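Please read the structure below before turning to the comments.
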Amino acid sequence: MDKIRIVGGNELKGTIPISGAKNAALPLMIASLLTEEKLILENVPRLADVALLQRILGNHGVDITTNGKRNGDDPYAGQTLEIDARVIVDTIAPYELVSKMRASFWVVGPLLARMGVAKVSLPGGCAIGTRPVDFHLDALRALGADIEIDAGYVLAKAPRGLTGARIVFPKVSVGATHTALMAAALARGESVIENAAREPEIVDVADCLIKMGARIEGAGTSTIRIEGVPRLKAARHAVLPDRIETGTYAMATAMTGGDVMLAGARPDLLEDALETLRHAGAEIDATNEGIRVRRNGAGILPVEVSTAPYPGFPTDLQAQLMALMTKAKGRSRITETIFENRFMHVQELARLGARIQLDGDTAVVEGVERLTGAPVMATDLRASVSLVIAGLAAEGETMVQRVYHLDRGFEKLEEKLSRCGAEIERISG
Numbered sequence: 001m002d003k004i005r006i007v008g009g010n011e012l013k014g015t016i017p018i019s020g021a022k023n024a025a026l027p028l029m030i031a032s033l034l035t036e037e038k039l040i041l042e043n044v045p046r047l048a049d050v051a052l053l054q055r056i057l058g059n060h061g062v063d064i065t066t067n068g069k070r071n072g073d074d075p076y077a078g079q080t081l082e083i084d085a086r087v088i089v090d091t092i093a094p095y096e097l098v099s100k101m102r103a104s105f106w107v108v109g110p111l112l113a114r115m116g117v118a119k120v121s122l123p124g125g126c127a128i129g130t131r132p133v134d135f136h137l138d139a140l141r142a143l144g145a146d147i148e149i150d151a152g153y154v155l156a157k158a159p160r161g162l163t164g165a166r167i168v169f170p171k172v173s174v175g176a177t178h179t180a181l182m183a184a185a186l187a188r189g190e191s192v193i194e195n196a197a198r199e200p201e202i203v204d205v206a207d208c209l210i211k212m213g214a215r216i217e218g219a220g221t222s223t224i225r226i227e228g229v230p231r232l233k234a235a236r237h238a239v240l241p242d243r244i245e246t247g248t249y250a251m252a253t254a255m256t257g258g259d260v261m262l263a264g265a266r267p268d269l270l271e272d273a274l275e276t277l278r279h280a281g282a283e284i285d286a287t288n289e290g291i292r293v294r295r296n297g298a299g300i301l302p303v304e305v306s307t308a309p310y311p312g313f314p315t316d317l318q319a320q321l322m323a324l325m326t327k328a329k330g331r332s333r334i335t336e337t338i339f340e341n342r343f344m345h346v347q348e349l350a351r352l353g354a355r356i357q358l359d360g361d362t363a364v365v366e367g368v369e370r371l372t373g374a375p376v377m378a379t380d381l382r383a384s385v386s387l388v389i390a391g392l393a394a395e396g397e398t399m400v401q402r403v404y405h406l407d408r409g410f411e412k413l414e415e416k417l418s419r420c421g422a423e424i425e426r427i428s429g
């Protein structure tokens, strides 16, 4: 297995290009199942999860062409996928594929809506929390699907198609909102999704569906209305920039000091996180090029934060913020309200010298003067990058193991950081 070696102490200075959002690219690729015509997606990040989903869609008979780079192209530009789901040869999503990535479970909605049947394995994926699929299945039942669970598989049938319905989620769920939105796009009549997730990635998927001919209002609010249509058509859509990658590199810059332009980033996608960074002592400016982050001389100030559904502070930036707070001048409190079991990075940060006490769903971080490099192990996608952030500011060498977690969500991480002055390299295992 590959490792990432970091020698800390260098400021970050330069430009980091922000890739397309993984959390939008995956559902957008799945939305291709809703139409017999081509969907062209631009600015798709080169990530392990994207490659895995290409395999999963290929298993259903979807033909995906990746437009290769031409000489002179920006090496950090996203890829363009041409996705042709004209012929669905199989409506089964097997355990050996779905177990590797939770988001692949979302094929259940489009397959059911278009083909009238789907057999999809219950998901595996990240080690954080239980994240049950009940909300997805309840939404599909509301739309008229007959659903059974047998031997670890969801068997969903709607031989006469789906029918519009009122769907009320008891708790905000991004995945279930994606499933309901895509399935309702082809249902007969009107559907209303209440307590819908408001994340920018939901809006991005809705914008793409609208280009494909779907009739959707209210995406980005807690009530989404969909008037079903008989079929969707070809479209071209560019994936929005990744707000989690943006926040991650902003926190890395705040941690090391320096001055970095996050090219292509959109401040409107992560206002709460940027405001938290301002409170922590970083200077943040929106420009035509993206977001400029600086921290020169001044120390890191402690903050108190609770994670919350969008537009609150994202759970996917909680570990990165905790890494930053390990060197703050004082005591910080970080409360995790979205997922249980999402503090697995705490014991690894402690190996670098961090002082963190857990009190239920809250981590109390006492800032320390210095961190010291050590071997650490990544436990999940976002936790792994928090160890990189800490390593960038630690004295001596930090070796991050199990970096396949990073490859699921961060494109060319070590290249992007090293071109801004970090001493970081991948060691092939």
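Residue numbering for the sequence shown follows the working numbering, starting at 1 and increasing by one per position. The C-beta atom is built at its ideal place from N, Cα and C for all residues, glycine as well. Treat the numbers as computed from the prediction; the structure is a model and nothing was measured.
Proximity winner among 18, 65, 367 and 336, relative to residue 324 (alpha-carbon distances) | 367
For residue 78 versus residue 45, is the C-beta distance shorter than 8 Å?
-> yes
Looking only at DSSP bridge pairs, what is residue 63 linked to?
-> 84
Look at the Cβ atom of residue 232, then the Cβ atom of residue 214, and state whether they are nearer than 8 Å.
-> yes
Segments of 3+ residues assigned as beta strand (DSSP E) that fall wholly inside the stretch 277-348 = 283-286, 290-295, 304-306 and 331-335
Hey, residue 446 and residue 378 are a contact pair by Cβ (cut 8 Å); roughly how many whole angstroms apart?
-> There is simply no residue 446 to check, as the chain begins at 1 and stops at 429 in what is shown.
Select from 271, 53, 50 and 36 the residue whose C-alpha is nearest the C-alpha of residue 115.
-> Among 271, 53, 50 and 36, the Cα nearest to that of residue 115 is on 36.
Is residue 216 near residue 320, with beta carbons less than 8 Å apart?
-> no
Could you give the residue range of the beta strand (DSSP E) that holds residue 393?
-> Note, residue 393: premise wrong, no beta strand (DSSP E); alpha helix (DSSP H) at 381-393.
Proximity to residue 428 [Cα-Cα], best of 414, 418 and 420 = 414
Rounded to whole angstroms, how far is the Cβ of residue 62 from the Cβ of residue 83, which I believe are closer than 8 Å?
-> About 6 Å separates the beta carbons of residue 62 and residue 83, which is inside the 8 Å limit, making them a contact pair.
According to the neighbour-count rule (16 or more other Cβ atoms, all chains shown, within 10 Å of its Cβ), is residue 296 buried or exposed?
-> With fewer than 16 Cβ atoms within 10 Å of its Cβ, residue 296 is classed as exposed.
DSSP three-state call for residue 114: helix, strand or coil?
-> helix
So, is residue 171 buried or exposed, given that buried needs 16 or more other C-beta atoms within 10 angstroms?
-> exposed
If we count the other Cβ atoms within 10 Å of its Cβ and call it buried at 16 or more, is residue 279 buried or exposed?
-> exposed
Pull up the distance between the alpha-carbon of residue 294 and that of residue 245, whole angstroms please.
-> 17 Å
When we look at the beta-carbon of residue 75 and count the other beta-carbons within 10 Å, is it buried (16 or more) or exposed?
-> exposed
Would you mind reading off the limits of the alpha helix (DSSP H) that contains residue 415?
-> Run containing residue 415: 413-418, per the alpha helix (DSSP H) assignment.
Can you tell me the Cα-Cα spacing of residue 271 and residue 241, whole angstroms?
-> If you draw a straight line from the Cα of residue 271 to the Cα of residue 241, it is about 14 Å long.
Compare the beta carbon distance of residue 344 and residue 380 with 8 Å and say whether it is the shorter of the two.
-> yes
Around the C-beta of residue 318, are 16 or more other C-beta atoms found within 10 angstroms, so that it is buried, or is it exposed?
-> buried
Under a Cβ-count criterion, where at least 16 other Cβ atoms within 10 Å of its own Cβ denotes burial, should residue 16 be classed as buried or exposed?
-> buried
Count the other CB atoms within 10 Å of the CB of residue 180; is the residue buried (16 or more) or exposed (fewer)?
-> Looking at its Cβ environment, which holds 16 or more other Cβ atoms inside 10 Å, residue 180 is buried.
Output the residue ranges of the beta strand (DSSP E) runs that lie fully inside the stretch 31-62 and measure 3 residues or longer, sorted by chain position.
-> 38-44
Residue burial classification, residue 348 (beta-carbon count within 10 angstroms, cutoff 16) = So residue 348 ends up on the buried side.
Does DSSP put residue 166 in a helix, a strand or coil?
-> Residue 166 sits in a strand when the DSSP states are folded into three classes.
In the DSSP assignment, find the unbroken alpha helix (DSSP H) run with residue 2 in it and report its ends.
-> Note, residue 2: premise wrong, no alpha helix (DSSP H); not H, not E.
Under 8 Å Cβ to Cβ from residue 403, same chain only, skipping five residues before and after it: list those, please.
-> 1, 2, 3, 4, 378, 384 and 426
On the three-state DSSP scale, how would you describe residue 199?
-> coil
For residue 359, which three-state DSSP category applies?
-> strand
Indicate the three-state DSSP secondary structure (helix, strand or coil) for residue 153 in the structure shown.
-> strand
To the nearest angstrom, how far is it from the Cα of residue 106 to the Cα of residue 178?
-> 8 Å
Looking only at C-alpha atoms, which of 93, 386 and 99 sits nearest to residue 248?
-> Residue 386 is the option with its Cα nearest to residue 248.
Label residue 358 either buried or exposed according to how many other C-beta atoms from any shown protein chain fall within 10 Å of its C-beta, with 16 as the threshold for buried.
-> Exposed is the call here.
Kindly indicate the opening and closing residues of the alpha helix (DSSP H) around residue 409.
-> 404-409
Taking all protein chains shown into account, do 16 or more other C-beta atoms lie within 10 angstroms of the C-beta of residue 126, making it buried, or fewer, making it exposed?
-> Caution applies to residue 126, whose pLDDT of 49 falls short of 50 and renders its modelled position unreliable; the value that the coordinates give is listed next. Burial call: buried.
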